[in-house]
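**Student:** Take this structure first; my questions come after.
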Amino acid sequence: MVPLSHYLALSAILFALGVAGFLIRRNVITIFMCIELMLNAVNLAFIAFARHLGRADGQILVFFVIVVAAAEAAVGLAIIIALYRNHESLSIDDLDSMKL
Amino acid sequence: MATFFDTHFSLLATLVKIPVVLVVLLTVVAYAVWLERKVVARIQSRWGPYLVGPHGLLQPVADGLKIFFKEDFFVAEADRFVYLLAPFLTLSIALLPIAVIPFGESFTFRGHTVNLQIANPDVGLLFIFAVTSLGVYGIVLAGWSSNSKYPLFGGLRSSAQMISYELSLGMAIIGVLMLSGTLSLHGIVDQQRGFWKLDGLPAFLPHWNVFVQPVGFLVYIISAVAETNRLPFDLPEGESEIVAGFHTEYTSFKFASFYIGEYTNMVTVSCLATLLFFGGWLGPSFGPVPVRVLLSVFWFGLKVLSFLFVYIWIRGTIPRFRYDQLMSFGWKFLVPLSLLNILVTGLVVTWQNA
Amino acid sequence: MVIIFYLVAALAILAALNVILQRTPVYSALSLIVVLCALAVVYLLLDAQFMAVIQVIVYAGAIMVLFVLVIMLLNAGREEPVDRSRLARWLGVPLIVALLAEILFVIWRQFPPASTTSAVGVDGGPSAIGHLLFESYVLPFEVTSILILVAVVGAVVLAKKQV
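So the sequence lines, in the order shown, correspond to chains A, B and C.
Position 20, counted from 1, in the first sequence is what our numbering calls 20; the numbers after and before it change by one each time, with no gaps.
Just so we're on the same page, our numbering is the position in the second sequence counted from 1, plus 1000.
Just so we're on the same page, our numbering is the position in the third sequence counted from 1, plus 2000.
Laid out in structure tokens, this is it:
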């Protein structure tokens, strides 16, 4: 039997990797993918707890997280396309027109 | 005597089933190519292959040998890893759904039930959809990695087409699921046993889902033809329209992988259509158990072959859709139609249960 | 069974490392797809058959296709410019390691591996999920349908070419 803490440890490691990628990378689309990685780590924690506590509500929450992630991915990628059209660059260092 | 064999029975049975199913599938795919060339040729008033072997039956062997001996080159600035990954991905993903398709009646052998199916998960049907949604990647990556205009357009068009028709494919099945109440393919076929009882008439209509879900069946067949990129929806790989579409820059075994993947998808979709709408392996059955099992496999094979024949017939007869016609047909006609089908089926099922 | 979890977990971690370390966005996207499929296998091990299949169909099969299409259309560069921020690397990585260590510490304190409570087990089949979704959670379900409509309209409006 795999103890619960191992599933949560995998979730924590994936989340930390997502945070690391989010802070380190310079390409807007890669940053977005690290956000998806973080969301998936959280989904794993939900499902591990659903099994541990014997209630399927955790899985329903994962369902809603996936739906929200889909909506967010669609709108976020549309924003990225609009940004690319205006700035011709996908590097987040070049998107600084609101800086003082 | 009873220990090792009986405790590991399911594992041993699976290990035996896998190579048998793979060999049969690949032979069927090879001869589906032969069948297509013959039937399309006859529709076009010509002979088709007839020189190699009687009636050209050894043509697939000759074709296979030819493809292996072709020069295997790489496109100059292609992304090497993705260029090699795409046909491999297409082929493996095409071969996966066969694992959950039941080919015939299950029987008991020394007290163990043997399903003629490599795996029987509770969510068997959804597994097939999951795998076919991953099938988009092979085409998209092939188009992109070839670093050339025509494959890129072919890949983009094909991925947009596939994800649009996946929707109506999924929704067409929901009517069947409402009637059968289970997602396991074995259960769906079991629910189609027997005959419809019409008042006063002897039972002559089998209890197949196509008679209660005609709209679902039509939407399913149209979406399936679109999903497998076949005529009239084969704009992404349309010969004479866009050179060879997304697999222009591929040769030798990589090209063959795309071809085998496409025909395997066709076979999978035909198997699904018979299982969901035409009663799978159910047919007139008699005799002792081994004869029954063989008869069930025979009926299943007959129905799948007739679907393949209809596929090829459609290919030889109907012209190609234009891309904007294709997309508006999928979104503006098929999706609302399948939603309407779900609504009506749901109402009827609720009214009958009330 | 137990071995499968550790193998798949190792695959997921390696693929996640690949996501954040690759220079080409297409390779990051492909590695993310591997992570998603590995997580789907872990969900299967956790009695969540329906969510595993939904993860593959929706996340790996639709959302990531959107990502790959956008990367292809924007021709997101083959090579990424050199990271200009040394601060992120020298200060950021130790901080992230500290974050991870903190989370692991909390987990280990709450759920020590040798604890006696074993998993209760849950029914993750489509019928159970369907009952829950349409009985207890029907309001959030309907609200998400409006959310998706808003997202579709928003995406079309934002990505449209201004004629």
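Ideal Cβ placement from N, Cα and C applies to all residues, glycine included.
Owing to the predicted nature of the structure, the values given are computational and were not obtained by experimental measurement.
Would you kindly work out how many angstroms separate the C-alpha atoms of Ala41/A and Asp1324/B, rounded to a whole number?
**Tutor:** Approximately 39 Å between the Cα atoms of the pair.
**Student:** Does the beta-carbon distance from Leu4/A to Phe2111/C come in below 8 Å?
**Tutor:** Yes, the pair counts as a contact, with Cβ atoms nearer than the cut-off.
**Student:** Taking 7 Å as the limit between beta carbons, can you name the residues of its chain near Trp1047/B, skipping five residues before and five after?
**Tutor:** Closer than 7 Å at the Cβ level, and outside the excluded window around Trp1047/B, lie Ala1041.
**Student:** Taking its Cβ as the centre, do 16 or more other Cβ atoms sit within 10 Å of Gly18/A, making it buried, or is it exposed?
**Tutor:** So Gly18/A ends up on the buried side.
**Student:** For a test of the three-state rule: what should DSSP assign to Phe1278/B, helix, strand or coil?
**Tutor:** Reduced to three states, the DSSP call for Phe1278/B is coil.
**Student:** Taking Phe2005/C as part of the alpha helix (DSSP H), name the residues at either end of that continuous run.
**Tutor:** It spans 2002 to 2021 - the alpha helix (DSSP H) in which Phe2005/C sits, taken as one unbroken run.
**Student:** Evaluate Trp1144/B with the Cβ neighbour count: other Cβ atoms within 10 Å of its Cβ, from every protein chain shown; 16 or more gives buried, anything less gives exposed.
**Tutor:** Answer is buried; the Cβ neighbour count reaches 16.
**Student:** What are the partner residues of His1068/B, as DSSP defines its beta bridges?
**Tutor:** Reading the sequence as shown, one finds Phe at residue 1068/B and not His. DSSP output for Phe1068/B lists no bridge partner at all.
**Student:** Three or more C-beta pairs closer than 8 Å, one from the stretch 2056 to 2075 of chain C and one from the stretch 1151 to 1159 of chain B: is that the case here?
**Tutor:** Segments in contact, yes.
**Student:** Would you call the CB atoms of Val1269/B and Ala1224/B closer than 8 Å?
**Tutor:** In this structure, Ala1224/B lies closer than 8 Å to Val1269/B by Cβ.
**Student:** Any C-beta of chain A sitting closer than 8 Å to the C-beta of Pro2025/C?
**Tutor:** Yes, Pro2025/C lies at the interface with chain A (some Cβ there is under 8 Å from its Cβ).
**Student:** Ordered along the chain, which non-local residues of its own chain (more than five positions away) have a Cβ less than 7 Å from that of Ala69/A?
**Tutor:** Answer for Ala69/A: Glu36, Leu39, listed in chain order.
**Student:** In whole angstroms, give me the CA-to-CA distance for Ala2009/C and Ile1043/B.
**Tutor:** Taking the straight line from one Cα to the other gives about 54 Å.
**Student:** For Lys2165/C, count the other beta carbons within 10 Å of its own beta carbon; 16 or more makes it buried, fewer makes it exposed. Which is it?
**Tutor:** Because chain C is modelled from 2001 through 2163, residue 2165/C falls outside the range shown and cannot be assessed.
**Student:** Of all Cβ atoms in chain C, is any one closer than 8 Å to the Cβ of Trp1331/B?
**Tutor:** So, not an interface residue.
**Student:** Alpha carbons only, please: which of Pro1336/B, Tyr1259/B, Phe1278/B is nearest the one belonging to Gly1064/B?
**Tutor:** The shortest Cα separation from Gly1064/B among Pro1336/B, Tyr1259/B, Phe1278/B belongs to Tyr1259/B.
**Student:** I'd like to know whether the C-beta of Val1136/B is nearer than 8 Å to at least one C-beta of chain C.
**Tutor:** So yes, Val1136/B belongs to the interface.
**Student:** Return the Cβ separation of Trp1281/B and Phe1300/B in integer angstroms, given the expectation that the two are a contact with Cβ distance under 8 Å.
**Tutor:** Correct: roughly 4 Å between the Cβ atoms.
**Student:** Is it true that the stretch 1312 to 1323 of chain B meets the stretch 1339 to 1346 of chain B, where meeting means three or more beta-carbon pairs spaced less than 8 Å apart?
**Tutor:** The stretch 1312 to 1323 of chain B, when compared against the stretch 1339 to 1346 of chain B, does not touch it at the 8 Å Cβ threshold.
**Student:** For a test of your reading of the model: does the CB of Arg1320/B fall under 7 Å from any non-hydrogen atom of the ligand GTP? Yes or no.
**Tutor:** You won't find the ligand GTP in this model; it holds no ligand whatsoever.
**Student:** Mind checking whether Asn1115/B and Pro1097/B have CB atoms under 8 Å apart?
**Tutor:** No, the pair does not count as a contact, with Cβ atoms beyond the cut-off.
**Student:** Quick one: give me the first and last residue of the beta strand (DSSP E) that Thr1439/B is part of.
**Tutor:** The structure shown does not extend to residue 1439/B, since chain B spans only 1001 to 1354, so no value can be given for it.
**Student:** Got a sec? Which residues, its chain only, sit under 7 Å from Gly2124/C by beta carbon, not counting five neighbours each side?
**Tutor:** So the qualifying residues of the chain are Asp2047, Ala2048, Gln2049, Phe2050, Met2051.
**Student:** Along the chain, which unbroken stretches of the alpha helix (DSSP H) at least 4 residues long are found entirely within the stretch 2036 to 2084 of chain C?
**Tutor:** Entirely contained in the stretch 2036 to 2084 of chain C, the alpha helix (DSSP H) runs reaching 4 residues are, in chain order, 2049 to 2054, 2064 to 2073.
**Student:** Under 7 Å Cβ-Cβ, which residues of chain C neighbour Ser1159/B?
**Tutor:** Within chain C, the residues near Ser1159/B are Val2065, Leu2069.
**Student:** Roughly how many angstroms separate the alpha carbons of Ala1172/B and Lys1197/B, rounded to a whole number?
**Tutor:** Answer to the nearest angstrom: the Cα atoms are 25 Å apart.
**Student:** What are the start and end residues of the beta strand (DSSP E) that includes Thr1317/B?
**Tutor:** Run containing Thr1317/B: none in the beta strand (DSSP E); it sits in the alpha helix (DSSP H), 1289 to 1317.
**Student:** Taking Cβ-Cβ distances shorter than 9 Å, what residues in chain C pair up with Ser1133/B?
**Tutor:** By Cβ distance, chain C contributes Val2056, Ile2057, Val2058, Ala2060, Gly2061, Ala2062, Val2065.
**Student:** Quick one: is Val2156/C near chain B, going by C-beta distance under 8 Å?
**Tutor:** False, the Cβ-Cβ gap to chain B never drops below 8 Å.
**Student:** With a cut-off of 8 Å, does the C-beta of Ile1222/B fall near any C-beta of chain C?
**Tutor:** Output row for Ile1222/B: interface = no.
**Student:** Based on Cα-Cα distance, which residue from Val1189/B, Val1291/B, Glu1166/B lies nearest to Leu1177/B?
**Tutor:** For Leu1177/B, the nearest C-alpha among the options comes from Val1189/B.
**Student:** In chain order, what residues of the same chain have a beta carbon less than 8 Å from the beta carbon of Tyr2027/C, not counting five sequence neighbours either side?
**Tutor:** For Tyr2027/C, where only same-chain residues beyond five positions count, the Cβ hits under 8 Å are Asn2018.
**Student:** Three-state secondary structure (DSSP) at Tyr1112/B?
**Tutor:** Note that residue 1112/B is His in the sequence shown here, rather than Tyr. His1112/B falls in the strand class under three-state DSSP.
**Student:** Under 8 Å between C-beta atoms, does Asn86/A make it to chain E?
**Tutor:** Among the protein chains of the structure shown, namely A, B and C, there is no chain E.
**Student:** Which residues does DSSP pair with Phe1195/B in a beta bridge?
**Tutor:** According to DSSP, Phe1195/B bridges with Pro1206/B.
**Student:** By the criterion of Cβ-Cβ separation under 7 Å, what are the contact partners of Asp1122/B in chain C?
**Tutor:** Per Cβ cutoff of 7 Å: Gln2049, Gly2125.
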